[in-house]
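Participant: In our numbering, the protein residues as written are 17 to 69.
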């Protein structure tokens, strides 16, 4: 998952040989430390919606 960012994850998902990706931006350390599950959920939801999958 190294190098995957909000700016480029859709490019990786467009590749025929890529089924899924992961990225730490979906669960920032500060959000985990604070138990801000709503923020993490929102970031994950946004990533899925923008992925086109």
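Cβ atoms here follow ideal geometry from the backbone N, Cα and C, with glycine treated the same way.
Because the structure is a prediction, the values reported are computed rather than measured.
1. Count the other CB atoms within 10 Å of the CB of residue 42; is the residue buried (16 or more) or exposed (fewer)?
2. Specify, as a first and last residue, the run of the alpha helix (DSSP H) that residue 66 falls within.
3. Sorry if obvious, but does the Cβ on residue 44 come closer than 6 Å to a heavy atom of the ligand PLP?
4. Helix, strand or coil for residue 47, going by three-state DSSP, please let me know.
Facilitator: Quick look at the numbers:
1. buried
2. 53-67
3. In the structure on display, the ligand PLP does not appear, and there are no ligands present to speak of.
4. Secondary structure at residue 47: helix, using DSSP grouped into helix, strand and coil.
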